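Asks:
Protein chains in written order, with our numbering: chain A, 1 to 224; chain B, 225 to 370.
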């Protein structure tokens, strides 16, 4: 899922300067799972912002709403009625960055602000702890590495085994992080595929990553 | 700060320990400030950050969450969860410009009536020193009514 975390209250207050009636919109997708922007976190954030603004002597009205997902225009359209009828001057989106962008595209007369910092594609390590697992490089090759991704989970993105800094199965860049090459070796050993690691990998094709402009996926069978 | 200021404190008390302790304090005829209004919860693990934030937002001068002694939770770790949530709310309040000392966690055994009375005294004195909740415009009026 997309992992995000709330921006500091101070930063959000700066965005809200000049606004007195705002709709805070959460998302029931990824950011709910990582406890950054679901119904509950929206409630906490709205309360915190109201408290902060009252402390500043400039009370603000913040209404709360949480969409099923903000990464689909269908759900963004649910905002039409409240925006038309309540006269909000701004929408603060507690979603990954897709949400505020969709809201901005749909409603050209309302200020849109991100409440969250979108961090990475990751998973839960334990309750309250998330880590990056995928860099969305566009050309997945984890079958060559026992199902584990060295592009993302090796600090140096190495494709041909660990660097010389790996020590005690831990990464030299972040000692609390497992050396993914240690894990890959163990996995391949268990799978009886150690020989496979000896094969030289061709240079990775990065054209599906940070090049060629905005990436797009089209499923002809699904398009209308 | 008004000399007449009487803090209004909401205490979320676990039914297995601190609520019983409050009960016992009464049975023991112990004297403690009447500023603490008790809300019975099945376990402090049930207390959500929103409960605390909204209580402060609605004008309470202080909030305490009172659970079992650590290791004695009827639900094993509810009071540890509450401890973390109280710390989380304190951070949020600090970010929002409100004194984080207005929110506090206590651990009181069911048999510790004097402990509850002491906690009530301590919390009341802390809030008295901090003054009224700056969010409450009605604080003075309500204090007079107490």
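Heads up, the beta-carbon is just placed ideally off N, CA and C, and yes, glycines get one too.
Note that the structure is predicted; figures quoted are calculated from it, not measured.
1) Compile a chain-ordered list of the residues in the stretch 263 to 285 of chain B whose CB is closer than 8 Å to at least one CB of chain A.
2) Do the stretch 194 to 209 of chain A and the stretch 231 to 239 of chain B touch if we need at least three Cβ pairs shorter than 8 Å?
3) Let me see if you follow: with CB-CB separation under 8 Å, is residue 320/B close to chain A or not?
4) Would residue 231/B pass as an interface residue toward chain A - the criterion being a Cβ-Cβ separation below 8 Å?
5) Using a cut-off of 8 Å between C-beta atoms, extract the partners of residue 173/A located in chain B.
6) Just to confirm my understanding: we take residue 64/A, look at its own chain, exclude 5 residues before and 5 after, and list those with CB closer than 7 Å. What are they?
7) Residue range of the beta strand (DSSP E) that residue 65/A falls in?
8) So, does the CB of residue 332/B fall closer than 8 Å to a CB anywhere in chain A?
9) DSSP state of residue 21/A, grouped into three classes?
10) By the three-class DSSP mapping on this structure, what secondary structure does residue 184/A have?
11) Output yes if chain B places a C-beta closer than 8 Å to the C-beta of residue 133/A; else output no.
12) Excluding the five sequence neighbours on either side, which residues of its own chain have a C-beta within less than 6 Å of the C-beta of residue 105/A, listed in chain order?
13) Does the Cβ-Cβ distance between residue 310/B and residue 280/B come in under 8 Å?
14) Using a 10 Å radius around the Cβ and a threshold of 16 neighbouring Cβ atoms, would you call residue 193/A buried or exposed?
Replies: Here's the rundown:
1) Residues of the stretch 263 to 285 of chain B with a C-beta atom less than 8 Å from some C-beta of chain A are 272, 273, 274, 277, 278, 280 and 281, listed in chain order.
2) Under the three-pair Cβ rule at 8 Å, the stretch 194 to 209 of chain A does not count as touching the stretch 231 to 239 of chain B.
3) Yes, because at least one Cβ of chain A sits closer than 8 Å to the Cβ of residue 320/B.
4) For residue 231/B, the nearest beta carbon of chain A is not closer than 8 Å to its own beta carbon.
5) Residues of chain B passing the Cβ test: none, with the nearest at roughly 28 Å.
6) 24, 42, 43 and 46, listed in sequence order.
7) In this chain, the beta strand (DSSP E) harbouring residue 65/A covers 61 to 67.
8) No, because no Cβ of chain A sits closer than 8 Å to the Cβ of residue 332/B.
9) Reduced to three states, the DSSP call for residue 21/A is strand.
10) Three-state DSSP puts residue 184/A in a helix.
11) For residue 133/A, the answer is no, since every Cβ of chain B falls outside 8 Å of its Cβ.
12) The same chain holds no residue with a CB closer than 6 Å to that of residue 105/A once the five nearest residues on each side in sequence are set aside.
13) No. Outside cutoff.
14) With fewer than 16 other Cβ atoms from the protein chains shown falling within 10 Å of its own Cβ, residue 193/A counts as exposed.
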